[in-house]
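**Student:** Numbering (mature numbering (1 follows the signal peptide of the UniProt record, and there is no 0)), first residue to last: -20 to -1, 1 to 158.
Supplied in structure tokens, the structure appears directly below.
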């Protein structure tokens, strides 16, 4: 029988085991624009929609559909996560300004991580892995990657594909049991 004194040790052992099983693609930690940590291993077994964003882009209104998807499906396990980047010279703002813009203009509640590179040699390691697995690198802002619950399969769509496009939904909905 577990006693109260043993619970912390059991929890730590369980946590270490679950992180040890985390797929390499999800073995990344980030800080949100609000300085909160987010560990993608916590999302293993669930679909993750990853999008590189910029506040001064013609595709910026896609924030509305991203937020709508997040609100509609987060209770079924969907994580939408934004990666602000200035790789295409359309995100000149700093992290605090990006957070304010997303919250005040598009009412974004899904996690947005700190600004980083998503293309080329300077791309963050997570994006390098997304490119290696999918064969596609963002050619512009609002490129979308959908990571399947297995943490290994990655689907990729360019900027002009809207977050709720039929091509995206055909992959996403079965992952949510819808």
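All residues carry an ideal CB built from backbone N, CA and C; glycine is no exception.
Starting from residue 165, follow the beta strand (DSSP E) in both directions and report where the run begins and ends.
**Tutor:** Residue numbering for the chain in the displayed model covers -20 to 158; residue 165 lies beyond these limits and cannot be assessed.
**Student:** Within 8 Å, do at least three Cβ pairs link the region 90 to 101 to the region 128 to 139?
**Tutor:** Segments in contact, no.
**Student:** Kindly list the residues whose CB is nearer than 8 Å to the CB of residue 157, restricted to its own chain and excluding five residues on each side of it in sequence; keep chain order.
**Tutor:** Same-chain partners within the cutoff: 56.
**Student:** Could you please give me the residues that DSSP links to residue 96 through a beta bridge?
**Tutor:** Residue 96 is not bridged to any residue.
**Student:** Leaving out the 5 sequence neighbours to the left and right, which residues in its chain are closer than 8 Å to residue 36 when beta-carbon positions are compared?
**Tutor:** For residue 36, where only same-chain residues beyond five positions count, the Cβ hits under 8 Å are 70, 71, 72.
**Student:** Taking the alpha-carbon positions, what's the residue 7 to residue 84 distance?
**Tutor:** In a straight line, the C-alpha of residue 7 is about 31 Å away from that of residue 84.
**Student:** Hey, could you find the ends of the beta strand (DSSP E) residue 122 is sitting in?
**Tutor:** Here residue 122 belongs to no beta strand (DSSP E), and DSSP marks it neither H nor E.
**Student:** Check for me: the beta strand (DSSP E) holding residue 33 runs from which residue to which?
**Tutor:** Taken as a continuous stretch (DSSP letters only), the beta strand (DSSP E) holding residue 33 covers 28 to 33.
**Student:** Ordered along the chain, which non-local residues of its own chain (more than five positions away) have a Cβ less than 8 Å from that of residue 87?
**Tutor:** Counting only Cβ-Cβ distances below 8 Å, and skipping sequence neighbours, we find 47.
**Student:** Is the beta carbon of residue 39 sitting closer than 8 Å to the one on residue 139?
**Tutor:** Contact flag set, yes.
**Student:** Assuming residue 148 contacts residue 124 under a Cβ cut-off of 8 Å, what Cβ separation, rounded to an integer in Å, is found between them?
**Tutor:** Indeed, because the Cβ distance is near 7 Å, the residues count as touching under 8 Å.
**Student:** What is the rounded straight-line gap between the Cα of residue 155 and the Cα of residue 67?
**Tutor:** Looking at the two C-alpha atoms, the distance is approximately 31 Å.
**Student:** So, with DSSP's three-state summary, where would you put residue -2?
**Tutor:** Any reading at residue -2 must be qualified, since the residue scores a pLDDT of 46, below 50, and its modelled position is unreliable; the value itself is stated next. Reduced to three states, the DSSP call for residue -2 is helix.
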